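K.L.:
Numbering (the working numbering), first residue to last: 6 to 127.
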């Protein structure tokens, strides 16, 4: 019985490792959290802080590694110009960014209340 349980755990681990092969050579994105609307509270929130998503970038493919809400994804040049924008439903974990974009950009994932901001290099 112990061998059977061990074999099942080992196969589950192997399957989970195979599922991550697309992101093993990717670069993690470090997100900062901000408020989305102008009416953000000016006093500290007395709850746990919002956890930013875990995401990584491999080439022009963005992988969101955690479950998430619906996002509006924006890529901004560092002068503040939006160069790409798309809606990302909560069921999507892999987003293809335009191949014609190269260089450094600010990546924003926006929910109704929060903005998660990170820097990426395409």
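Don't be surprised by glycine CBs; every beta carbon is placed ideally from N, CA and C.
No experiment lies behind these values; they were computed from the predicted model shown.
(1) With a threshold of 7 Å on Cβ separation, who are the neighbours of residue 82 within its own chain once the five nearest residues in sequence on each side are excluded?
(2) Below 8 Å CB to CB, which residues in the same chain sit around residue 36 once its five sequence neighbours on both sides are set aside?
(3) Thinking C-beta only, is residue 95 closer than 8 Å to residue 2?
(4) Please work out which residues of its chain come closer than 7 Å, Cβ to Cβ, to residue 67, disregarding the five sequence neighbours upstream and downstream, and give them in chain order.
(5) Are the C-beta of residue 126 and some C-beta of chain B separated by less than 8 Å?
(6) With residue 119 and residue 38 assumed to form a contact (beta carbons below 8 Å), what rounded beta-carbon distance in angstroms separates them?
(7) Would you report the Cα separation of residue 98 and residue 63, rounded to the nearest angstrom?
(8) Does the Cβ of residue 125 have 16 or more other Cβ atoms within 10 Å, making it buried, or fewer, making it exposed?
P.N.:
With the structure as the only source:
(1) 88 and 110
(2) Contacts found: 57, 58, 60, 114, 121, 122 and 123.
(3) Residue 2 falls outside the range modelled here, since the chain spans only 6 to 127, and no answer is possible.
(4) In the same chain as residue 67, and ignoring 5 residues on each side of it, the C-beta atoms closer than 7 Å to its own belong to 60, 100 and 102, in chain order.
(5) The chain labelled as chain B is not found in the depicted structure, where only one protein chain is given.
(6) 6 Å
(7) 13 Å
(8) buried
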